[in-house]
Amino acid sequence: MITLRMGLAFTSTTLLVLLLILGLSKGQMEEEEKLKGVTPPPKSCLCELQNLGATFPWQEFQIVHSFSSNCTQTLTKQEFIEVDSLLASLYYRLQNLEKDVKDFEADFDTGLYSVISLRIIEIELTEISSLLLKLNQTSHNKKALLDNLTAQMQTMADKLEEIEQFDRMHVVQRQQESKRIKRSLKECEAELEATPAPVTTPAPGNCPFGRLLNITGPNSFMVTQYSTSYPYGAWGMDPKPAPGKEDRHWLVILTSSNIYGNYIRMYNSHSDLVAAKQVEDITVTSSATTTNSIMGPGSVIYNNAYYYNCYSSSRVCRFDLTYKNISTMELPGAGSSNKFPYCQPSSCFQYTDIDLATDESGLWVIYTSQAKFGNVILSRLDANNLTLLQTWYTSLQKKIITNAFMACGVLYATRFIDSSYDEVFYSFDTTTGVERSTLAFPFKKMSTNIQHLNYNPRNHMLYVYNDAYILTYQAVFG
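Just so we're aligned: the sequence shown equals residues -27 to -1, 1 to 451 in mature numbering (1 follows the signal peptide of the UniProt record, and there is no 0).
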C-alpha cells in the first residue's frame, strides 16, 4: 500500500496503471504538438571557461586613446605662430630703433638733433616694451601648456608599455623595428644621392621659407603729413634698391580728385618719414592730368623704377628714377578708368583697375578684362623691357575683393569683414594653378577702406595705404 499526501490510498497495481496512463497521455501530447508544428524546446549544454592569465586593461587603453586625440587637437602649429609673430615684430622694432639711434647720433654730432628725433626713439622703446611684455606672457602660457602635456605624455608612455605586454605575438615590436630599418635606409639613400643645390632665384609658387600662415600687425602706423586730406595714395620700399638706398621709403599722394598725381616723395629712412624731414620730391610729369601722369593707387617701385597705371589709359608706365624718362606698354583688353575696380559691399575704390605688385620673382600686374567677364588676370612682367612674360587666368571676380598682393608667386586676395577688419581669404598658385578660397587671415585696419596693398620680399612686410594712414604688417611664413 502507498499513501500519497492527499490522503488517498492506492494499491501498487493501481499506481502502475495510473503511471502508464500518464505516460501515454504525455506521448499523445507530443505527437499532437508535432502534428500542429510546435517544436519542442532545444537541448542546451552549459560550460564554464576560466581565464588564468591577466585581463587586458581595456579601460587603460581607452584613457590613452582619449589623451592622444585631445593632444592632437590641443598641440597644433597655431599655438606657436603667435610667438613667431611677436618675435618677428620685435625684430622689426629693434631694427628701427637701431636706425633711429644712429640717425640721432649723427644729428647730435652736427648739432641738428631735435625733440622729434627723441620722441621717435621714445615711441620705439614703448612699442618694444609692450612687445616684450606680450612675449613673456605668451611664452609663460605656452611653457605651462608644454609642461602639462609633457607630464601627461610620460604617463601615457608608461601605460603603453604596460599594454604592450599583452602583445604576445610581438606585432608592435616588429612594426617598430621595421620602421627603424626603413628610416635608416632612407637616410642612407639620401646621403648617397645628396648633391649641392644650385643657387637659383625661387620659381613662382616655390617659397623657400614655407607657405603663408598669418598676417600680424599693424607693426607701425601713422597719418601722412597731409593728415586725412588725401585718402588715396601708395607707399613702400624698393624690394631691389640701388646701392646705398636700402632704407629709402617712398610716398605717392593722389592730389587731384583722389585719382591723379604727378610726383613721388622720397625719404632716406622710416624715421625721416615719421618726422617729415629730409624730403626729396621727384616730379614724374608736369601736371597731375596730362599724358603719362599717375592714375590710381596701384603703383610700386622696383629696381629703382616707378611703375604705375598711365593717365586715362590701360597702359603701364615705367618711370626711371635715375634718368627721369618714361616708357609704356599696353595691357591688351585690360579694363581701366573705373570699369573693374576693387570693391567692398557698399562701394568701390575708384581707379584701382590696374594694380602693380612685387614679390621674390619680380614685377606683376593684376587686372581684368571684359573678355574674361571681370575675372582676375595675373601677368608677370619683364621689369626692364616692360613686356609680358606670362599670363594666368583665375575664376575670382575682381569686384568682390578689396585688394590683392603677390608673395612667392602666389596671388593673395582680401575681402571686407567690417570697418575694422579685412581678411586674406583667397590664393592662386602660379606654379600649380590651384585656387583656394578657404584662407582666413584677418588683419586690423585703422580706417574702413584700403586703397593700396603691396608685399616687399626683402623684409616680408605688407605696406598698406588705408584712408590716409600708412601701415605695415608682417607676413608670417612657415
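The beta carbon of each residue, even a glycine, is placed where N, CA and C say it ideally should be.
Cβ shell of Leu105 (< 8 Å), same chain only, five flanking positions each side left out: By one-based count along the sequence shown, residue 105 stands at place 132. Cβ within range, chain order: Leu63.
Terminal residues of the alpha helix (DSSP H) in which His243 lies: Locating residue 243 in the sequence shown gives position 270, counting from the first residue. Note, His243: alpha helix (DSSP H), 243 to 248.
Hey, quick one: how far does the beta strand (DSSP E) through Val257 stretch, first residue to last? Here residue 257 corresponds to residue number 284 of the sequence shown, with the count starting at 1. Val257 -> no beta strand (DSSP E), and no H or E assigned at all.
For Glu95 versus Leu70, is the C-beta distance shorter than 8 Å? Against the sequence shown, residue 95 aligns to sequence position 122. Against the sequence shown, residue 70 aligns to sequence position 97. Cβ atoms of Glu95 and Leu70: not closer than 8 Å.
Looking only at its chain, what residues have a beta carbon closer than 6 Å to the beta carbon of Lys371, apart from the 5 residues adjacent to it on each side? Here residue 371 corresponds to residue number 398 of the sequence shown, with the count starting at 1. Closer than 6 Å at the Cβ level, and outside the excluded window around Lys371, lie Phe313, Thr341, Gly347, Val349.
Leu133 - DSSP class collapsed to helix/strand/coil: Taking the sequence shown and counting its residues from 1, the one referred to as residue 133 is at position 160. Helix.
In the DSSP assignment, find the unbroken beta strand (DSSP E) run with Pro270 in it and report its ends. Locating residue 270 in the sequence shown gives position 297, where the first residue counts as 1. Counting along the chain, the beta strand (DSSP E) containing Pro270 begins and ends at 267 to 275.
With a threshold of 6 Å on Cβ separation, who are the neighbours of Val336 within its own chain once the five nearest residues in sequence on each side are excluded? One-based indexing of the sequence shown puts residue 336 at position 363. Before going on, a small fix: residue 336 reads as Leu here, not Val. Closer than 6 Å at the Cβ level, and outside the excluded window around Leu336, lie Tyr275, Leu354, Ala356.
Short Cβ contact (8 Å threshold) for Pro212 with Asn429: Along the sequence shown, one-based indexing puts residue 212 at 239. Along the sequence shown, one-based indexing puts residue 429 at 456. Contact: yes.
How is Tyr428 classed by DSSP in three states: helix, strand or coil? To locate residue 428, count along the sequence shown from 1; it is residue 455. Of the three classes helix, strand and coil, the one that applies to Tyr428 here is strand, per DSSP.
The beta strand (DSSP E) spanning Glu396 covers which residue range? For the purposes of this step, residue 396 is taken as the residue at position 423 of the sequence shown. First-last of the beta strand (DSSP E) with Glu396: 394 to 402.
Opening and closing residue of the beta strand (DSSP E) in which Leu304 lies: By one-based count along the sequence shown, residue 304 stands at place 331. Element bounds for Leu304: n/a, residue is neither H nor E.
Met129 to Glu408, Cα distance in whole Å? Numbered from its first residue, the sequence shown carries residue 129 at position 156. Numbered from its first residue, the sequence shown carries residue 408 at position 435. One C-alpha to the other measures close to 41 Å.
When the distance is taken between beta carbons, is Tyr280 closer than 8 Å to Leu329? Along the sequence shown, read from residue 1 onward, the residue named residue 329 stands at position 356. Along the sequence shown, read from residue 1 onward, the residue named residue 280 stands at position 307. Yes, the Cβ-Cβ distance between Leu329 and Tyr280 is below 8 Å.
DSSP three-state assignment for residue 533, whether helix, strand or coil: With the chain running from -27 to 451 in the structure shown, residue 533 is simply not present.
Got a sec, what are the start and stop residues for the beta strand (DSSP E) Arg353 sits in? Numbered from 1 along the sequence shown, position 380 holds the residue referred to as residue 353. Where Arg353 is concerned, the enclosing beta strand (DSSP E) stretches over 348 to 355.
What does Ala207 pair with, by DSSP beta-bridge criteria? Taking the first residue of the sequence shown as position 1, residue 207 is located at position 234. According to DSSP, which records beta bridges pairwise, Ala207 is partnered with Val225.
Can you check whether the CB of Arg221 is closer than 8 Å to the CB of Tyr240? As a first step, residue 240 must be located in the sequence shown, where it is residue number 267. As a first step, residue 221 must be located in the sequence shown, where it is residue number 248. For Tyr240 and Arg221, yes; Cβs fall inside 8 Å.
Distance check for Leu119 and Ile327, CA to CA, integer angstroms please. Position 354 of the sequence shown, counting from 1, holds the residue named residue 327. Position 146 of the sequence shown, counting from 1, holds the residue named residue 119. Roughly 49 Å separates the two Cα atoms.
Do the region 414 to 421 and the region 396 to 403 touch if we need at least three Cβ pairs shorter than 8 Å? yes
For Thr367 and Thr375, which I take to be in contact (beta-carbon distance under 8 Å), what is that distance rounded to the nearest angstrom? What you label residue 367 is simply residue 394 of the sequence shown in a count that begins at 1. What you label residue 375 is simply residue 402 of the sequence shown in a count that begins at 1. That pair is no contact at about 16 Å.
Rounded C-beta distance between Ile255 and Ile237? I'm assuming under 8 Å. As a working note, residue 255 is residue 282 in the sequence shown. As a working note, residue 237 is residue 264 in the sequence shown. Contact holds; Cβ gap of about 5 Å.
Please state whether DSSP places Glu44 in a helix, a strand or coil. Taking the sequence shown and counting its residues from 1, the one referred to as residue 44 is at position 71. According to the sequence as given, residue 44 is Cys; it is not Glu. In this structure, Cys44 counts as helix in the three-state DSSP scheme.
Where Cys180 falls: helix, strand or coil (DSSP): In the sequence shown, counting from the first residue as 1, residue 180 sits at position 207. It is coil, neither helix nor strand.
Identify, in the order they occur along the chain, each residue of the same chain with its Cβ nearer than 7 Å to the Cβ of Ser420, setting aside the five sequence neighbours on each side. If you number the sequence shown from 1, residue 420 lands on position 447. Correct list, in chain order: Asn439, Asp440, Tyr442.
Among Ser286, Asn277, Lys152, nearest to Gly269 - alpha-carbon criterion: Numbered from 1 along the sequence shown, position 296 holds the residue referred to as residue 269. Residue Ser286 is the option with its Cα nearest to Gly269.
Same chain, Cβ closer than 7 Å to Glu100, five either side skipped, listed in chain order: In the sequence shown, residue 100 corresponds to position 127, counting from 1. Closer than 7 Å at the Cβ level, and outside the excluded window around Glu100, lie Arg66.
Compare the C-alpha of Ile423 against each of Leu444, Pro214, Thr405, Phe40 and name the closest. One-based indexing of the sequence shown puts residue 423 at position 450. That would be Leu444, whose Cα lies nearest to the Cα of Ile423.
Does the beta-carbon distance from Ala215 to Asn265 come in below 8 Å? The residue given as residue 215 occupies position 242 in the sequence shown. The residue given as residue 265 occupies position 292 in the sequence shown. For Ala215 and Asn265, no; Cβs fall outside 8 Å.
For residue 494 and Asn427, I'd like the C-alpha separation in whole angstroms. In the structure as shown, the chain starts at -27 and stops at 451, and residue 494 therefore has no counterpart that could be examined.
Quick check on DSSP: helix, strand or coil for Asp73? Along the sequence shown, one-based indexing puts residue 73 at 100. If DSSP states are grouped into helix, strand and coil, Asp73 belongs with the helices.
Could you tell me how far apart the beta carbons of Phe34 and Ile136 are, in whole angstroms, since I believe they sit closer than 8 Å? Within the sequence shown, the letter at position 61 stands for residue 34. Within the sequence shown, the letter at position 163 stands for residue 136. Yes, they are in contact, since the Cβ atoms of Phe34 and Ile136 sit about 6 Å apart, within 8 Å.
Measure the C-alpha to C-alpha separation of Thr201 and Leu224 and round it to an integer number of angstroms. Position 228 of the sequence shown, counted from the start, is the residue given in the question as residue 201. Position 251 of the sequence shown, counted from the start, is the residue given in the question as residue 224. Using only the alpha carbons, I get a separation of about 15 Å.
Residue burial classification, Tyr205 (beta-carbon count within 10 angstroms, cutoff 16): As a working mapping, residue 205 is identified with position 232 in the sequence shown. With 16 or more other Cβ atoms within 10 Å, it is buried.
Short check: CB of residue 453 to CB of Ser244, under 8 Å? In the structure as shown, the chain begins at -27 and stops at 451. Residue 453 is therefore absent and cannot be evaluated.
Considering only the alpha carbon of each residue, which of Ser58, Arg291, Leu133, Pro181 lies closest to Glu333? Here residue 333 is taken as the residue at index 360 of the sequence shown, counted from 1. Residue Pro181 is the option with its Cα nearest to Glu333.
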